[in-house]
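Residue numbers (the working numbering): 4 to 216.
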């Protein structure tokens, strides 16, 4: 049996989903056809428009991109394969804009030995919520103004629960993008999470510059 005859995990899942949808009484076959037709069309359009926009942005860069031969070919192809998969699945324009920033910076920096960091940035960016991206951009802006660290309890966004922000900051700390210090402790039922003062780490700054700024 050749590699071409072996289904990968994603193909197996899609077959299982398609089979499952077809089992739904009365509407199953039509639902299955509509779902997979729309899904594949949207994914193709996302990939197509992404690279069209990259081409347009490339024409307006201040400095020309280095020749592709200056990259490690295997590493660059691996990143592009991961990137394509993320673009296919991403439905927000904001995140796709960040993917464009990542890709252009990847093409502009054929530095050897930092493949793992670029891959981590890409995988993490894909997993991040827009709220997490917005928090990093906000903290970056405040840090540039000299307003750092920032107290977590003072960060708010209309329509967003305070503890959604606390949770997002916790995940950003887990990624290594934020450091936190607590100068005081809440006594009598207060929450020490709100007493933390957070700022971008050097690793977080690298991520912002590479993907968000």
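From the three backbone atoms N, C-alpha and C, an ideal C-beta is built for every residue, glycine too.
- Per the C-alpha coordinates, the member of 211, 158, 163 positioned closest to residue 196 is 158.
- The beta-carbon separation of residue 134 and residue 89, rounded to 18 angstroms, does not stay under the 8 angstroms limit for a contact.
- Of all C-beta pairs linking the region 130-150 to the region 103-114, fewer than three are shorter than 8 angstroms, placing the two stretches out of contact.
- Residue pairing of residue 154 in beta bridges, as defined by DSSP: 200.
- For residue 133, the enclosing alpha helix (DSSP H) starts and ends at 133-147.
- Beta-bridge pairing by DSSP links residue 184 to 200.
- Beyond the five residues adjoining it in sequence on each side, residue 127 comes within less than 7 angstroms, by CB distance, of 178 in the same chain, given in chain order.
- Looking at 138, 141, 87, the one whose alpha-carbon comes closest to that of residue 122 is 87.
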